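Chemist: If you use the numbering used here, the sequence shown corresponds to residues 2 to 176, in order.
Where is the CB? At the ideal position from N, CA and C, for every residue including glycine.
Here the structure is a predicted model, which is why all the values come from computation and not from measurement.
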Amino acid sequence: METNEINEMIKIPKQNLIDITVTINGEVMQLKVPPAYRLIDILRNDLILTGTKVSCEIGRCGACSVLLNGNVVTSCLVMAYQVNNTTIETIENVASEQLHPLQVAFLEEGALQCGYCTPGMVISLKSLLDLNRNPTEDEVKDHLSGNLCRCTGYNGILRAVEVYKEQCCAGKSSL
2 METNEINEMI
12 KIPKQNLIDI
22 TVTINGEVMQ
32 LKVPPAYRLI
42 DILRNDLILT
52 GTKVSCEIGR
62 CGACSVLLNG
72 NVVTSCLVMA
82 YQVNNTTIET
92 IENVASEQLH
102 PLQVAFLEEG
112 ALQCGYCTPG
122 MVISLKSLLD
132 LNRNPTEDEV
142 KDHLSGNLCR
152 CTGYNGILRA
162 VEVYKEQCCA
172 GKSSL
């Protein structure tokens, strides 16, 4: 569904929409959105990028994590006007035609069960591993402090990072 269709459905007069320009997953977009729209609304409702999940809607769970100018943010707390002239990367941009090696490590190590938190976890870990290819376990835990998982107990996630680091350091993959 296009932004204009949604605006018609919720009866927002066109003069009350705001114009934003944002680069999402490498594509520059010009959008007209309601002033109270959040980044998560743009991603899921307008652009149908549903890999970013909606869960708590108060910024505590990390399921809606994306990269905003390279920094991890919870997209449920970022207002649309705040992303004007920024760059956003979602989980859809992490892998190309094949799964990203970090995603493969998640699968191999049982780092996901229901999978709902996985996109946010991968985005957060990608951010860390882009800056530090060999983080300590404490650094990984600290970086994941904004991401909740009720299924895995985190051990599989920590193992997946170790597997990824081994592959990365052996020259088998790159972020």
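Specify the secondary structure class of Lys33 as computed by DSSP and reduced to three states.
Modeler: The answer is strand: DSSP assigns Lys33 an E or B state.
Chemist: Below 8 Å on the Cβ atoms is my guess for Ile25 versus Leu48; work out the distance and round it to an integer in Å.
Modeler: Right, their Cβ atoms sit about 7 Å apart.
Chemist: Between the Cα of Asn133 and the Cα atoms of Val95, Phe107 and Cys170, which residue gives the shortest distance?
Modeler: Per the Cα distances, Cys170.
Chemist: Run through DSSP, which three-state label would Val23 get?
Modeler: Strand, per DSSP.
Chemist: Considering only C-alpha positions, which residue in the set Lys127, Asp143, Ser146 and Gly147 is nearest to Lys166?
Modeler: Lys166 has its Cα closest to that of Lys127, out of Lys127, Asp143, Ser146 and Gly147.
Chemist: Would you mind sorting Tyr38 into buried or exposed? The rule is 16 or more other CB atoms within 10 Å of its CB.
Modeler: Counting Cβ neighbours within 10 Å, Tyr38 comes out buried, since at least 16 surround it.
Chemist: Who does Met80 pair with in a DSSP beta bridge?
Modeler: In the DSSP output, where bridge partners are listed per residue, Met80 has Arg39.
Chemist: Just mark Lys74 as buried or exposed, buried being the case when its beta carbon has 16 or more other beta carbons within 10 Å.
Modeler: A small correction: the amino acid at residue 74 is Val; Lys does not occupy that position in the sequence shown. So Val74 ends up on the buried side.
Chemist: Rounded to whole angstroms, what's the CA-CA distance from Leu69 to Gln83? Just pull it up for me.
Modeler: Those two C-alpha atoms are separated by around 10 Å.
Chemist: Which residues in the same chain as His101 place their Cβ atom closer than 6 Å to its Cβ, once the five residues preceding and following it in sequence are excluded?
Modeler: Hits under 6 Å: Val95.
Chemist: Over the uninterrupted alpha helix (DSSP H) stretch that includes Asn17, give me the two end residues.
Modeler: Here Asn17 belongs to no alpha helix (DSSP H), and DSSP marks it neither H nor E.
Chemist: Residue range of the beta strand (DSSP E) that Leu149 falls in?
Modeler: Careful: Leu149 lies outside any beta strand (DSSP E) and carries neither H nor E.
Chemist: In the DSSP assignment, find the unbroken alpha helix (DSSP H) run with Glu167 in it and report its ends.
Modeler: Per DSSP, Glu167 belongs to the alpha helix (DSSP H) from Asn156 to Cys170.
Chemist: Are the Cβ atoms of Glu90 and Val164 separated by less than 9 Å?
Modeler: It is not a contact, given that the beta carbons lie outside the stated cut-off.
Chemist: Taking buried to mean at least 16 other C-beta atoms within 10 Å of its own C-beta, is Gly154 buried or exposed?
Modeler: With fewer than 16 Cβ atoms within 10 Å of its Cβ, Gly154 is classed as exposed.
Chemist: What residue ranges within the stretch 83 to 152 form continuous alpha helix (DSSP H) runs of no fewer than 4 residues, ordered along the chain?
Modeler: Taking only runs of at least 4 residues, the alpha helix (DSSP H) segments lying wholly in the stretch 83 to 152 are 102 to 109, 119 to 132 and 138 to 144.
Chemist: When the Cα atoms are used, what is the spatial distance from Ile158 to Cys152?
Modeler: Taking the straight line joining both Cα atoms gives about 11 Å.
Chemist: Could you tell me the alpha carbon to alpha carbon distance between Ile19 and Thr87, rounded to whole angstroms?
Modeler: Their backbone Cα atoms lie some 15 Å apart in a straight line.
Chemist: Whole-angstrom Cβ separation of Cys65 and Gly121, contact assumed at under 8 Å?
Modeler: Going by Cβ atoms, the distance from Cys65 to Gly121 rounds to 7 Å, so yes, they are a contact pair.
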